[in-house]
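So the sequence lines, in the order shown, correspond to chains A and B. For what it's worth, our numbering labels the leading residue of the first sequence as 1, then goes sequentially. For what it's worth, our numbering labels the leading residue of the second sequence as 1, then goes sequentially.
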Amino acid sequence: MVYIVGLLAAVLLVLTLVVLNRMSVFTKGFAAGAGSDKPGVANKINGALLPIVFFGGSLAGVWSFIESAPKFLPASASEHGVHTDTMFWWFMAIVTVAFFLTSALLFVFAFRYQYDPKRRATFYPDNHRLELAWTVIPAVVMAIMVFMGWRVWRDITQEAPADAYVVEVTGKQFNWIARYPGVDDNKLGSYNYKLIDATNEVGIDMSDEASFDDVVSSTLYIPKGVPVLLKIRARDVLHSVFLPHLRVKMDAVPGMPTKFWFKATKSTDEMKAETNDPNFEYRLNCTEICGPGHFSMKMNVVVLEEDEFKAWLKSQKSFLAMNTGYLERVPARLKAKAMKYAGEAEEAPAEEAAPADSTASAAGAAASLR
Amino acid sequence: MATAATTHDAHAHHEHDHEHEHHEQNFIQKYVFSEDHKMIAKQYLITGIIWAFIGGLLSILFRLQLGFPDLKLEGLRWLLGNWISAEGKLEPEFYLALVTMHGTIMVFFVLTAGLSGTFSNFLIPLQIGARDMASGFLNMLSYWFFLVASVIMLSSLFLSTGPASGGWVIYPPLSALPQASPGSGMGMTLWLVAMALFIVSQLMGGLNYVTTIINLRTRGMSFSKLPLTIWSFFFTAVLGILSFPVLFSAALLLIFDRSFGTSFYISEIYIGGEALPQQGGSAILFQHLFWFLGHPEVYIVLLPALGITSEVIATNARKPIFGYRAMIGSMLGITLLAFIVWAHHMFVTGMNPFLGSVFMFLTLIIAVPSAVKGFNYITTLWRGNIIFTPAMLFSIGLVSLFVAGGITGIILGNAALDIQLHDTYFVVAHFHLVMGSASFFGLMAGVYHWFPKMFGRMMNPTLGYIHFWISFIGVFCVFLPMHYIGIAGFPRRYYSFSTYDLTNSFADMNMFISAAAIVTFAAQALFAWNFFYSIFKGKKSVQNPWHSNTLEWTAPIKPGHGNWEGPIPAVYRWPYDYSKPGAVEDYIPQTVPFSATPESNLPEETEQIALEKDIDELHTEQRIVSAKSGGH
Numbered sequence: 001m002v003y004i005v006g007l008l009a010a011v012l013l014v015l016t017l018v019v020l021n022r023m024s025v026f027t028k029g030f031a032a033g034a035g036s037d038k039p040g041v042a043n044k045i046n047g048a049l050l051p052i053v054f055f056g057g058s059l060a061g062v063w064s065f066i067e068s069a070p071k072f073l074p075a076s077a078s079e080h081g082v083h084t085d086t087m088f089w090w091f092m093a094i095v096t097v098a099f100f101l102t103s104a105l106l107f108v109f110a111f112r113y114q115y116d117p118k119r120r121a122t123f124y125p126d127n128h129r130l131e132l133a134w135t136v137i138p139a140v141v142m143a144i145m146v147f148m149g150w151r152v153w154r155d156i157t158q159e160a161p162a163d164a165y166v167v168e169v170t171g172k173q174f175n176w177i178a179r180y181p182g183v184d185d186n187k188l189g190s191y192n193y194k195l196i197d198a199t200n201e202v203g204i205d206m207s208d209e210a211s212f213d214d215v216v217s218s219t220l221y222i223p224k225g226v227p228v229l230l231k232i233r234a235r236d237v238l239h240s241v242f243l244p245h246l247r248v249k250m251d252a253v254p255g256m257p258t259k260f261w262f263k264a265t266k267s268t269d270e271m272k273a274e275t276n277d278p279n280f281e282y283r284l285n286c287t288e289i290c291g292p293g294h295f296s297m298k299m300n301v302v303v304l305e306e307d308e309f310k311a312w313l314k315s316q317k318s319f320l321a322m323n324t325g326y327l328e329r330v331p332a333r334l335k336a337k338a339m340k341y342a343g344e345a346e347e348a349p350a351e352e353a354a355p356a357d358s359t360a361s362a363a364g365a366a367a368s369l370r
Numbered sequence: 001m002a003t004a005a006t007t008h009d010a011h012a013h014h015e016h017d018h019e020h021e022h023h024e025q026n027f028i029q030k031y032v033f034s035e036d037h038k039m040i041a042k043q044y045l046i047t048g049i050i051w052a053f054i055g056g057l058l059s060i061l062f063r064l065q066l067g068f069p070d071l072k073l074e075g076l077r078w079l080l081g082n083w084i085s086a087e088g089k090l091e092p093e094f095y096l097a098l099v100t101m102h103g104t105i106m107v108f109f110v111l112t113a114g115l116s117g118t119f120s121n122f123l124i125p126l127q128i129g130a131r132d133m134a135s136g137f138l139n140m141l142s143y144w145f146f147l148v149a150s151v152i153m154l155s156s157l158f159l160s161t162g163p164a165s166g167g168w169v170i171y172p173p174l175s176a177l178p179q180a181s182p183g184s185g186m187g188m189t190l191w192l193v194a195m196a197l198f199i200v201s202q203l204m205g206g207l208n209y210v211t212t213i214i215n216l217r218t219r220g221m222s223f224s225k226l227p228l229t230i231w232s233f234f235f236t237a238v239l240g241i242l243s244f245p246v247l248f249s250a251a252l253l254l255i256f257d258r259s260f261g262t263s264f265y266i267s268e269i270y271i272g273g274e275a276l277p278q279q280g281g282s283a284i285l286f287q288h289l290f291w292f293l294g295h296p297e298v299y300i301v302l303l304p305a306l307g308i309t310s311e312v313i314a315t316n317a318r319k320p321i322f323g324y325r326a327m328i329g330s331m332l333g334i335t336l337l338a339f340i341v342w343a344h345h346m347f348v349t350g351m352n353p354f355l356g357s358v359f360m361f362l363t364l365i366i367a368v369p370s371a372v373k374g375f376n377y378i379t380t381l382w383r384g385n386i387i388f389t390p391a392m393l394f395s396i397g398l399v400s401l402f403v404a405g406g407i408t409g410i411i412l413g414n415a416a417l418d419i420q421l422h423d424t425y426f427v428v429a430h431f432h433l434v435m436g437s438a439s440f441f442g443l444m445a446g447v448y449h450w451f452p453k454m455f456g457r458m459m460n461p462t463l464g465y466i467h468f469w470i471s472f473i474g475v476f477c478v479f480l481p482m483h484y485i486g487i488a489g490f491p492r493r494y495y496s497f498s499t500y501d502l503t504n505s506f507a508d509m510n511m512f513i514s515a516a517a518i519v520t521f522a523a524q525a526l527f528a529w530n531f532f533y534s535i536f537k538g539k540k541s542v543q544n545p546w547h548s549n550t551l552e553w554t555a556p557i558k559p560g561h562g563n564w565e566g567p568i569p570a571v572y573r574w575p576y577d578y579s580k581p582g583a584v585e586d587y588i589p590q591t592v593p594f595s596a597t598p599e600s601n602l603p604e605e606t607e608q609i610a611l612e613k614d615i616d617e618l619h620t621e622q623r624i625v626s627a628k629s630g631g632h
């Protein structure tokens, strides 16, 4: 990397010096070609520099790409990501070829047809066939590209399979909270933003019996090889769920739940082996500006084999069992059922869920950044 | 030839008029509250240049943070005060404020007002043959609204809570809730007020441009003889008139949400330890409204640059622009399509995927007219006789940047690929090349090309060449590597990448980008010096320094009030008769009738000689009309 920096900086510097060095020549050239007179040496130098800079720049560009490529993300760890990656690199190849062709023409023509007092430019105002050709050809190529893209997009955005594991991810300034439907029913309990407080951070509604076995986690655990449906919410401002290794991105919008489903294909352990990095961790980053702590709004993600994931989920205490104080919120007719979940936990004196000191925590987060 | 005659004629009148003028106007009328389109254009230009340096400086500040995260910035405390933390680092909220203000300033105050405001004002009357804008007073108001907007926006930088810091797109709820971020308080209020005034300014300007182009063209200046600059300003003004009001309404509803407890954009929010009462609003609604302006805005910024480039390339390649009608057609296509592609900025907002499909199709259609423009520029160079003035170099640079940035638009416009790339540095690289840098190069091309007409003096070309080469190489050094960082998934608007990438893999690359940005920015000082020095000390310009065909070069070297002495010249031909076979010179100005050039006329042009009588007759009519209205 240092070398790229060095080389490109050197290229920049040398060219600058070359140009500066030629100042006197330029001035002379211009003095000869001042005003209505004819262009001089300066024209030749500029004309020559155009293709030189283009070819030199192309070499530097290609080289810097080769140097950077190992730092790109590892191969996609999700099923749809393999398709988008393949398409991305194919399309990049196509547009890069188009770029080099058109740029080569641009710079070579500029050089080749620079001012020559003995010559006159060709009066060539239009050519309908030519224009038709370069309207139709890009249109056809573009149509094919759009069609291919649309098919992938359609597959990615179709409804999640019915058997998908459902996980809810909620963003708030400046962290993420995951919620699982629990082991007894694959159903998330309902929620209401008015029920949010310092403990019940996602506003789980205890009057819904599906809530009783819901599990809340600050790390996102995902099973491998099976469809996972992320239900995405935001509590305060816009956030965006970005799982770079899984090629997943979807905004989190307050008041408008969004979703994204995918199938992970590599567990965390497999990725550690593949990347040769024992410290490898999947992660979820925020990609929608959300305030001063935006850059640090990250969640650790662990992809487990399906049976490991089931075992993990089973080992987790439900939110209700962790916070038995919320039993009070359960309506009388469901008390008995709720007690089954909370039962194992000792009947702690119901700590009144003080409405939110998340002001303090938000302030703390902001303060810790300073 | 006819030009020589005009020149002589103009000179004689000019001396006389000069004295005459001083009696009429005092300093304030002439330089401050001027209604003269040329002075207003210069006011726009100089304000725009000042803004460009402020906007550029802000970007250097945040590039310091990104490129040199461990750098101690104690030395900047005199300037930034408490925005430098106790450890000598930039505060994260100020970083976001810098990003936000850089975007706002560059997009609106530099590339909209500075580019379109300068050249639409300066060139429209001069190139269509009009005495001034349709309404000089409205034109003056337009500038002053812009200046007031500028002062308000600038003053927000000095608030203790900082300026707006929600990104230049100011998505609510972040921008709607003062408790969400320090910049969403007074800074955001000032942002909205400044932008509301800015929109008013743009609308007054735009209406003026459209009216002037439609109504005040000189005799013989039919639409099919307009230079492409004028066509581009026309389409730009139409875009602005139709889309800026939508931003205005978006801003208005945001003001209601912020100050009057309404719920247009905010719903079900729990923040600062309390649940807000608002329900039923939609944060996505704002994004639709914003991008309904925001996308046309890209073309508002780019089209004038493309128009300027067309003119500069044709003049300096000494060739007609290739495919004049195709150029107009593609600009028309871009103008229409610009209104129906906005939601490609929103593929991953949770918008219905079907809508995403529709916008993907529409978005990629717009690549076709853009490609046509690129090919036409290249063909114009083919077999030309190219003179590399600084303006020409910047125009060639624009085409290169337009191609380099445009091709990645094909990737980003693809909804499936956008999932991964959205809001990463890939996007930053894309739009800085295709819209930011390309338009900036167009602005520079315009300044170098029309400086002699503006100030009657020449800029130093040597400094211009150096300025071009450092800028051109520098821009690629800054933005090309950003593609790599984007492919690696780095999100934009991140104060630090410590949580995204634990290995710091692109630390060197970011350092390189920052270094290149600093060099590029520093090189702009060459331009500033050249510009201001040449206004006073530059070499005196000749009548038509670039041997150009368009009408402005027939006006006096420093046109006075009313632009032309005596009657406005009539126009007989299109503006691109360069290197016509058989012609004596390699250019034939628009004012030369076909009857004067039998040696070079094409068959259909010889037929038009008969029509020249009609154009000449219009002259007498125009005189009668202006006499009646008490005009010139």
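Glycine is no exception: its CB is placed at the ideal position from the N, C-alpha and C atoms.
Have a look at the DSSP bridge pairing and note the partners of residue i.
i	result
Trp261/A	Leu229/A
Thr170/A	Ile177/A and Arg233/A
Lys540/B	Arg457/B
Leu220/A	Val301/A
Ser263/B	Ser263/B pairs with nothing; no bridge assigned.
Met39/B	Per DSSP, none; premise fails for Met39/B.
Val253/A	Met256/A
Val215/A	Tyr180/A
Cys290/A	Cys290/A pairs with nothing; no bridge assigned.
Lys191/A	Looking at the sequence shown, residue 191/A is not Lys but Tyr. Beta-bridge pairing links Tyr191/A to Ile204/A.
Phe242/A	Lys249/A and Asn285/A
Can you round the beta-carbon distance between residue i and residue j to whole angstroms, since I take them to be within the 8 Å contact cut?
i	j	result
Pro125/A	Phe322/B	7 Å
Tyr448/B	Phe532/B	At roughly 14 Å, the Cβ-Cβ gap does not stay under 8 Å, so Tyr448/B and Phe532/B are not in contact.
Ile387/B	Arg457/B	With a Cβ gap of about 19 Å, Ile387/B and Arg457/B do not count as contacting.
Met206/A	Val330/A	5 Å
Glu306/A	Gly182/A	So it is not a contact: roughly 17 Å between Cβ atoms.
Asn663/B	Trp553/B	An answer regarding residue 663/B cannot be provided, because it is not within the stretch 1 to 632 covered by chain B.
Val228/A	Val167/A	6 Å
Per the contact definition of three or more C-beta pairs closer than 8 Å, is the stretch 494-501 of chain B in contact with the stretch 437-451 of chain B?
no
Specify whether the stretch 206-218 of chain B and the stretch 276-284 of chain B touch according to this definition: at least 3 beta carbon pairs, one from each stretch, less than 8 Å apart.
no
Tell me which residues of the stretch 361-385 of chain B have at least one Cβ-Cβ distance to chain A shorter than 7 Å, keeping chain order.
The residues in question are Phe361, Leu364, Ala367, Val368, Ala371, Val372, Gly374, Phe375, Ile378, Leu381, Trp382, Arg383, Gly384 and Asn385.
Count Cβ pairs between the stretch 521-541 of chain B and the stretch 455-475 of chain B that sit closer than 8 Å; are there 3 or more?
Yes: at least three Cβ pairs fall under 8 Å.
Short-range partners of chain B found in the stretch 181-194 of chain A, where Cβ spacing is below 8 Å
Tyr193 and Lys194
Does the structure place the stretch 120-140 of chain B close enough to the stretch 35-54 of chain B that three or more beta carbon pairs sit under 8 Å?
yes
Runs of beta strand (DSSP E) lying entirely within the stretch 23-106 of chain A, each at least 3 residues, in chain order:
none
Entirely enclosed alpha helix (DSSP H) segments - the stretch 317-348 of chain A, minimum 4 residues
Those alpha helix (DSSP H) runs which fall completely within the stretch 317-348 of chain A and span 4+ residues are 319-322 and 335-342.
What ranges does the beta strand (DSSP E) occupy inside the stretch 346-434 of chain B, keeping only unbroken runs of at least 3 residues that lie completely in it?
none
Members of the stretch 395-410 of chain B that neighbour chain A once the beta carbon cut-off is set at 8 Å:
Ile396, Val399, Ser400, Val403, Ala404, Ile407, Thr408 and Ile410
Please specify which runs of the alpha helix (DSSP H), each continuous and at least 4 residues long, are wholly inside the stretch 68-140 of chain B, giving them in chain order.
Listed in chain order, the complete alpha helix (DSSP H) runs (minimum 4 residues) inside the stretch 68-140 of chain B are 77-80, 92-104 and 118-128.
The stretch 83-102 of chain B / the stretch 161-173 of chain B touching (three or more Cβ pairs under 8 Å)
Yes, the stretch 83-102 of chain B is in contact with the stretch 161-173 of chain B.
Using a Cβ cut-off of 9 Å, which residues of the stretch 443-457 of chain B contact any Cβ in chain A, in chain order?
none
With contact counted as at least three CB pairs below 8 Å, one residue from each stretch, are the stretch 131-148 of chain B and the stretch 199-209 of chain B in contact?
yes
Touch test, the stretch 42-61 of chain A against the stretch 103-112 of chain A, Cβ-Cβ under 8 Å, three pairs minimum
yes
Count the CB pairs spanning the stretch 471-487 of chain B and the stretch 423-435 of chain B that are closer than 8 Å, and state whether there are at least three.
yes
Take every Cβ of the stretch 294-314 of chain B, pair it with every Cβ of the stretch 346-353 of chain B, and state whether three or more of those distances are shorter than 8 Å.
no
What residues in the stretch 458-473 of chain B have a beta carbon less than 8 Å from any beta carbon of chain A?
Met458, Pro461, Thr462, Tyr465, Ile466, Trp469, Ile470, Phe472 and Ile473
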